[in-house]
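Engineer: For the sequence shown, our numbering gives the first residue as 706, with consecutive numbering after it. Glycine included, every Cβ here is placed at the ideal spot set by N, Cα and C. These numbers were taken from a predicted model, which means no experiment stands behind them. Please find one structure pasted underneath; my questions will follow.
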Amino acid sequence: MKTHRRLIAAIIGSARASSDEEGTAAALGEELVDAGFRVLTGGLGGVMQAASRGARRAARYQSGDVIGILPSYDASHANEFVDIPICTGLNHGRNLVVVASADVVLAVGGQSGTLSEIALAWQLGKPVIAVGAGDGWGRRLAGVAIDDRRSDRVHGPLPPAEAVELAVRLVAERGPAPKVFP
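Below, the structure is given as structure tokens:
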């Protein structure tokens, strides 16, 4: 039985984002929801909160479009724009849940947590797109093939609107998720 579901875009980046990164993340969240995606983040502050806020202001926003994968067991830790807080109690381990749940991963700036999410997304065969002009791991890895397991590279860096267009295309081209485990 085939089910139809909305696509999920993970927006990853620093909890201590610059104002430029927050502006990029907000625009990206809005553009993604208007393109038909649900937005998934780590549910806390910085890039995560800005992306969630942007998603909420999208013309096509509906309740349930903003998902936060929290590091703690406490839903009250989610930023105010998260519709669905998922409490994991996994601390940094929640990074795997974030990228494994997404159809595409978009990085805005980012520090070591973002680096781990990019590496995990790469290993899981998820398309990765660097967004914006800010410093951080997304931009540093743009244009780079992390290893020889894949024939593509980390895409970007691109402005939000172009990143969303690419995300739509990459998800359509990718088809079903590759089998990671035997």
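Look at the alpha carbon of Ser757 and the alpha carbon of Asp853, and state the distance between them as a whole number of angstroms.
Structural biologist: Distance between the alpha carbons of Ser757 and Asp853 is about 34 Å.
Engineer: With a 10 Å radius around its C-beta and 16 neighbouring C-beta atoms as the bar for buried, classify Glu735 as buried or exposed.
Structural biologist: The residue is buried, with at least 16 neighbouring Cβ atoms inside 10 Å.
Engineer: Starting from the Cα of Gly837, find the closest Cα among Pro864, Asp770, Leu829 and give me that residue.
Structural biologist: The option with the nearest alpha carbon to Gly837 is Pro864.
Engineer: Considering only DSSP beta bridges, list what Ile789 is partnered with.
Structural biologist: Its beta-bridge partners are Ile772.
Engineer: Keeping to the same chain, check which residues put their C-beta closer than 7 Å to that of Asn800; ignore five residues upstream and five downstream.
Structural biologist: Closer than 7 Å at the Cβ level, and outside the excluded window around Asn800, lie Gly818, Ser821, Glu822, Leu825.
Engineer: Let me know if Arg710 comes out buried or exposed under the rule of 16 or more other beta-carbons within 10 Å of its beta-carbon.
Structural biologist: The residue is exposed, with fewer than 16 neighbouring Cβ atoms inside 10 Å.
Engineer: Can you tell me the Cα-Cα spacing of Pro832 and Val849, whole angstroms?
Structural biologist: One C-alpha to the other measures close to 13 Å.
Engineer: From the DSSP secondary-structure annotation, give me the bridge partner or partners of Arg854.
Structural biologist: Bridge partners of Arg854: none, in fact.
Engineer: Apart from the five residues on each side of it in sequence, which residues of its chain come closer than 8 Å, Cβ to Cβ, to Pro862?
Structural biologist: Excluding positions up to five away in sequence, the list reads Ala835, Val836, Gly837, Ala838, Gly843, Arg844, Ala847.
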